[in-house]
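Asker: Okay, so the sequence shown: first residue is 223 according to the working numbering, each after it adds one.
Glycine included, each C-beta is placed from N, C-alpha and C at the ideal position.
Take a look at the following structure, please.
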Amino acid sequence: MAGLVRHRRDPSHQTVSMEVTIPDGLRLAVVDDEGGEDWLDALPAFVERAVERWDLALDEPFATGMAAWTAPATTRSGDEVVVKISYPHLEARDEGAALRVWHGAGAVEVLDSDPDDWALLLRRLRPGSTLRDAHLPAAEHLTVGASLMHRTAMVPVDGTASFRALCDVTRELAAVMEERRDRLLDTAPIRFDAGLCRYAVDLMRSLPLDAPRAGLAHGDLNPGNI
223 MAGLVRHRRD
233 PSHQTVSMEV
243 TIPDGLRLAV
253 VDDEGGEDWL
263 DALPAFVERA
273 VERWDLALDE
283 PFATGMAAWT
293 APATTRSGDE
303 VVVKISYPHL
313 EARDEGAALR
323 VWHGAGAVEV
333 LDSDPDDWAL
343 LLRRLRPGST
353 LRDAHLPAAE
363 HLTVGASLMH
373 RTAMVPVDGT
383 ASFRALCDVT
393 RELAAVMEER
403 RDRLLDTAPI
413 RFDAGLCRYA
423 VDLMRSLPLD
433 APRAGLAHGD
443 LNPGNI
């Protein structure tokens, strides 16, 4: 793990330097990407600016996560928050804007952001465990996920918002799924139903085209992100 500088206020509200880490999972996930090493090198400055910008007492970062550095913190007024600094990538581009639209409806509440640093200040959730770790039957996972999808999709979206159109996203995903289906059909360690995959690809290309209303969909709603 690589060290980076953090700050914590002491009881007299003076700022003192401390050392924290970049979790191994995050480092391994981004270091080989184009610009990954530069981003990791710049991360200490991003964290320091976030702490100064929002006047935070920062705790050790969460060990999980492969696309963002996240850490619990406390504001000067004693509120529990989380700092999230994302590795710049397309899926994270509109995260802050989406959280503002949802405003706590099925999603964590965003308190502030700095788009230039890809930094978010989020209200901390308790207990903060994931649906994946609840060890529930698959049917219950689907029920919870469907409920959250409905809540978030029902929130009105300003017509001027610049979110990507779902039909564009699903068309790209369909192409990826189609390529992987053809490439892995004979070599995958686990047999899969090629016909079912073909049907899923067709649905991804057709379903969003005649949606009766506009809503905002989560781009990666899986049990590990709930």
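Which of helix, strand or coil does DSSP assign to V304?
Answerer: strand
Asker: By DSSP's criteria, W291 is part of a beta bridge. Which residues make up the other side?
Answerer: I307
Asker: Ignore the nearest five residues each way along the sequence and tell me which others in S234's own chain have a CB closer than 7 Å to its CB.
Answerer: Low confidence applies to S234: its pLDDT is 47, below 50, so where it sits in the model is not reliable, and the reading given next is rough at best. If we look at S234 and ignore the five residues flanking it on each side, it has no Cβ neighbours.
Asker: So L343 is in the beta strand (DSSP E); what residue range does that whole segment cover?
Answerer: L343 -> beta strand (DSSP E) spans 341 to 345.
Asker: Could I get the ranges of all uninterrupted alpha helix (DSSP H) runs contained in the region 322 to 381, with 4 residues as the minimum, in chain order?
Answerer: 360 to 375
Asker: Can you tell me whether A279 is helix, strand or coil according to DSSP?
Answerer: strand
Asker: For the alpha helix (DSSP H) that contains S428, what are its first and last residues?
Answerer: 416 to 428
Asker: Over what stretch of residues does the alpha helix (DSSP H) that includes L388 continue unbroken?
Answerer: 388 to 406
Asker: Within 10 angstroms of the Cβ of A320, are there 16 or more other Cβ atoms? Answer buried if so, exposed if not.
Answerer: buried
Asker: Alpha carbons only, please: which of D380, V332, E256 is nearest the one belonging to V303?
Answerer: V332
Asker: Determine whether the beta carbon atoms of P258 and A285 lie at a separation below 8 Å.
Answerer: Note on identity: in this sequence residue 258 is Gly, with Pro being the wrong assignment. Remark: C-beta atoms of G258 and A285 do not approach each other more closely than 8 Å.
Asker: With respect to the alpha helix (DSSP H) encompassing A439, which residues constitute its N-terminal and C-terminal limits?
Answerer: For A439, there is no enclosing alpha helix (DSSP H), as DSSP gives it neither H nor E.
Asker: I'd like to check one pair, V253 with L262: are the Cβ atoms closer than 8 Å?
Answerer: yes
Asker: Would you kindly work out how many angstroms separate the C-alpha atoms of R413 and H440, rounded to a whole number?
Answerer: 29 Å
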